[in-house]
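Asks: The structure follows.
This is how it looks when you write it as structure tokens:
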């Protein structure tokens with residue numbers, strides 16, 4: 001198939017931004033070459049393909065690089081039109097884009113803050129995370145996935161909630177994913193993690209615990225020396 | 228059946244400006260409702276954007292669409308008979324969205340820091356902002372618009388910020404024509420478009436507005 005000519009993905013094993021792209025490629029059955037990058041020691045290739053931000057993921061298709069996970073997801077959906085990630089109707093598309101942006105920019109940031117802070121900042125971040133989850137709980141409204149019966153755009157972007165947030169909770173002994181407060185989200189997490197294509201493509205939990213514990217310690221030290 | 232299009236708007240809000248410019252480019256009839264910000268938010272705004280409680284909101288036949296660049300894409304998809312705001316080729320589309328996102332995240336965040344702080348904090352933000360603007364200057368290069376020959380989503384994302392160039396010059400004691408000459412030429416080119424010139428306040432009015440805003444926020 002002409003479309004499949006040379007699809008490469010530059011990534012980092014634990015990055016949720018990379019994982020959403022891997023999931024999208026898998027859902028669409030697109031074959032690709034994966035190139036693991038060390039984001040703490042960036043290769044000349046990565047810096048050449050993403051000169052503006054130097055970040056993963058970068059998708060390379062027919063020799064042309066595309067950075068930014070959400071931009072990549074939309075690109076994949078436009079080039080490989082089967083198994084659509086976004087709905088067809090413009091209003092529904094705008095709604096999906098809104099919730100994907102919300103999950104990626106608000107919830108993800110608050111959760112990270114909750115992991116990498118102490119005291120009042122930490123409490124504030126937990127509260128903000130839960131308020132954000134409440135909004136997503138309402139949006140889910142008893143559906144199996146944000147995309148309806150099938151995994152869609154919002155599910156892929158919000159997917160970090162299912163496997164990464166529990167790791168953060170364990171590291172700092174905090175509770176954000178309260179199943180009594182968020183029954184729909186809890187159900188969604190279950191459906192998402194048990195999806196045959198998703199469960200094959202998750203970073204190993206013990207490695208994530210080690211990685212994020214380490215990151216938390218480094219950031220806490222950095223922040224206290226900056227004060 | 229005629230479309231009913233309402234925009235919850237504010238003349239000095241760059242995200243709101245983007246929506247108005249996009250509607251005008253498409254020749255869509257709409258009603259603008261100015262919100263009394265930063266003083267108070269209307270009940271309509273709170274109802275239509277309960278998650279963020281922010282403008283702009285496009286209300287199309289009673290249904291709200293939020294987040295300026297999401298609104299611009301929506302406008303492009305619904306009124307797709309003329310003036311495309313995004314290219315057709317998927318790679319070019321991705322390119323436009325990447326730079327629109329860069330403008331939204333980098334430029335506006337740094338811009339807000341410069342406009343609402345003083346002293347060393349402001350100076351540091353200004354330095355980073357000018358660096359980022361130079362990256363945009365290089366990206367534009369010799370093209371008439373960011374999308375190439377056609378005025379599009381990246382231009383729409385960035386052009387409202389052009390009214391703030393004079394303010395940056397006054398705050399940073401610099402010349403934008405020296406720092407980013409291509410962006411200045413591009414800004415003037417965009418102002419030739421009726422959609423832009425009838426939407427944006429000029430640089431001096433914007434400077435006055437910023438000074439007032441700083442007083443209201445207790446910065447000065």
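Protein chains in written order, with my numbering: chain A, 1 to 227; chain B, 228 to 447.
Built from N, CA and C at the ideal position, the CB exists for glycine as well.
On a predicted model such as this, the values are computed, not experimentally measured, just so you know.
1. Can you confirm whether residue 109 of chain A, when its beta carbon is compared against all beta carbons of chain B, has any partner nearer than 8 Å?
2. Whole angstroms are fine: how far does the CA of residue 166 of chain A sit from the CA of residue 359 of chain B?
3. Leaving out five residues before and five after residue 63 of chain A in sequence, what residues of the same chain have Cβ atoms less than 8 Å from its Cβ?
4. In chain A, what lies closer than 7 Å to residue 294 of chain B by C-beta?
5. Identify whether residue 376 of chain B lies in helix, strand or coil by the three-state DSSP scheme.
6. Are any of the Cβ atoms in chain A nearer than 8 Å to that of residue 382 of chain B?
7. By DSSP, does residue 290 of chain B sit in helix, in strand, or in coil?
8. Going straight from the alpha carbon of residue 172 of chain B to that of residue 418 of chain B, what length do you get?
9. With a Cβ-Cβ cutoff of 8 Å, do residue 269 of chain B and residue 236 of chain B count as a contact?
10. Compare the C-beta of residue 385 of chain B against all C-beta atoms of chain A and say whether one is closer than 8 Å.
11. For the candidate residues B/300, B/413 and B/285, whose alpha-carbon lies nearest to that of residue 243 of chain B?
12. Just the chain A side, please: which residues come within less than 9 Å of residue 318 of chain B by C-beta, in chain order?
13. Once DSSP output is grouped into helix, strand and coil, what is the label at residue 241 of chain B?
14. State the Cα-Cα distance for the pair residue 427 of chain B and residue 234 of chain B, rounded to the nearest angstrom.
15. Within 8 Å (strictly less), CB to CB, does residue 2 of chain A reach chain B?
16. Would residue 304 of chain B pass as an interface residue toward chain A - the criterion being a Cβ-Cβ separation below 8 Å?
17. Note the first and the last residue of the continuous alpha helix (DSSP H) segment covering residue 367 of chain B.
18. Which whole-angstrom value is the C-beta distance of residue 115 of chain A and residue 168 of chain A, which I expect to be below 8 Å?
19. Between the stretch 264-289 of chain B and chain A, which residues of the former have a C-beta closer than 7 Å to a C-beta of the latter?
20. Using 10 angstroms around the beta-carbon of residue 68 of chain A, count the other beta-carbons present and answer buried if the total reaches 16, otherwise exposed.
21. Which residue wins for smallest C-alpha separation from residue 10 of chain A, given the options A/146, A/61 and A/46?
22. Quick one: what's got a C-beta closer than 7 Å to residue 37 of chain A's C-beta in the same chain, skipping five residues either side?
23. Alpha carbon to alpha carbon, how far is residue 82 of chain A from residue 249 of chain B?
24. Using a Cβ cut-off of 8 Å (strictly closer), state whether residue 28 of chain A contacts chain B.
Replies: In short:
1. Here residue 109 of chain A refers to the residue found at position 109 when the first chain is read from its first residue. By this cut-off, residue 109 of chain A is not an interface position.
2. Along the second chain, read from residue 1 onward, the residue named residue 359 of chain B stands at position 132. Along the first chain, read from residue 1 onward, the residue named residue 166 of chain A stands at position 166. Their Cα atoms are separated by approximately 36 Å.
3. Taking the first residue of the first chain as 1, we reach residue 63 of chain A at position 63. Within the same chain, and ignoring the five residues on either side of residue 63 of chain A in sequence, the residues whose Cβ sits closer than 8 Å to its Cβ are 6.
4. Stepping through the second chain from its first residue, residue 294 of chain B is reached at position 67. By Cβ distance, chain A contributes 98 and 101.
5. For the purposes of this step, residue 376 of chain B is taken as residue 149 along the second chain, with counting starting at 1. The three-state reading of DSSP puts residue 376 of chain B in coil, since its state is none of H, G, I, E or B.
6. Here the question's residue 382 of chain B lines up with position 155 in the second chain. Chain A places no beta carbon closer than 8 Å to that of residue 382 of chain B, leaving this residue out of the contacts.
7. Taking the second chain and counting its residues from 1, one reaches residue 290 of chain B at position 63. Assignment of residue 290 of chain B by DSSP, reduced to helix, strand and coil, places it in the strand class.
8. Only positions 228 to 447 of chain B appear in this structure, which leaves residue 172 of chain B out of reach.
9. Numbered from its first residue, the second chain carries residue 269 of chain B at position 42. Numbered from its first residue, the second chain carries residue 236 of chain B at position 9. With respect to residue 236 of chain B, residue 269 of chain B sits apart: the two C-beta atoms are not nearer than 8 Å.
10. The residue given as residue 385 of chain B occupies position 158 in the second chain. So no, residue 385 of chain B is outside the interface.
11. Taking the second chain and counting its residues from 1, one reaches residue 243 of chain B at position 16. Minimum Cα distance to residue 243 of chain B is reached at B/285.
12. Locating residue 318 of chain B in the second chain gives position 91, where the first residue counts as 1. In chain order: 61, 62, 64, 66, 75 and 79.
13. The residue you call residue 241 of chain B lines up with position 14 of the second chain. In the structure shown, the three-state DSSP call for residue 241 of chain B is helix.
14. Within the second chain, residue 427 of chain B is the residue found at index 200, counting from 1. Within the second chain, residue 234 of chain B is the residue found at index 7, counting from 1. If you draw a straight line from the Cα of residue 427 of chain B to the Cα of residue 234 of chain B, it comes to about 15 Å.
15. In the first chain, counting from the first residue as 1, residue 2 of chain A sits at position 2. Only weak support is given to the placement of residue 2 of chain A: the predicted model assigns it a pLDDT of 49, under 50, and the value that follows is read from those uncertain coordinates. No, its Cβ sits nowhere closer than 8 Å to a Cβ of chain B.
16. As a working mapping, residue 304 of chain B is identified with position 77 in the second chain. For residue 304 of chain B, the nearest CB of chain A lies under 8 Å from its own CB, placing it at the interface with that chain.
17. Residue numbering aside, residue 367 of chain B sits at position 140 when the second chain is read from its first letter. Looking at the DSSP string, the run of the alpha helix (DSSP H) that includes residue 367 of chain B is 346-367.
18. Translated into the one-based positions of the first chain, residue 115 of chain A becomes position 115. Translated into the one-based positions of the first chain, residue 168 of chain A becomes position 168. About 4 Å separates the beta carbons of residue 115 of chain A and residue 168 of chain A, which is inside the 8 Å limit, making them a contact pair.
19. Listed in sequence order: 278.
20. Counting from 1 along the first chain, the entry for residue 68 of chain A is found at position 68. Counting every other CB atom within 10 Å of its CB across the protein chains shown gives residue 68 of chain A a total of 16 or more, marking it as buried.
21. If you number the first chain from 1, residue 10 of chain A lands on position 10. The shortest Cα separation from residue 10 of chain A among A/146, A/61 and A/46 belongs to A/46.
22. For the purposes of this step, residue 37 of chain A is taken as the residue at position 37 of the first chain. Only 10, 11, 12, 43, 46 and 56 meet the Cβ criterion.
23. Stepping through the first chain from its first residue, residue 82 of chain A is reached at position 82. Stepping through the second chain from its first residue, residue 249 of chain B is reached at position 22. About 30 Å.
24. In the first chain, residue 28 of chain A corresponds to position 28, counting from 1. So no, residue 28 of chain A is outside the interface.
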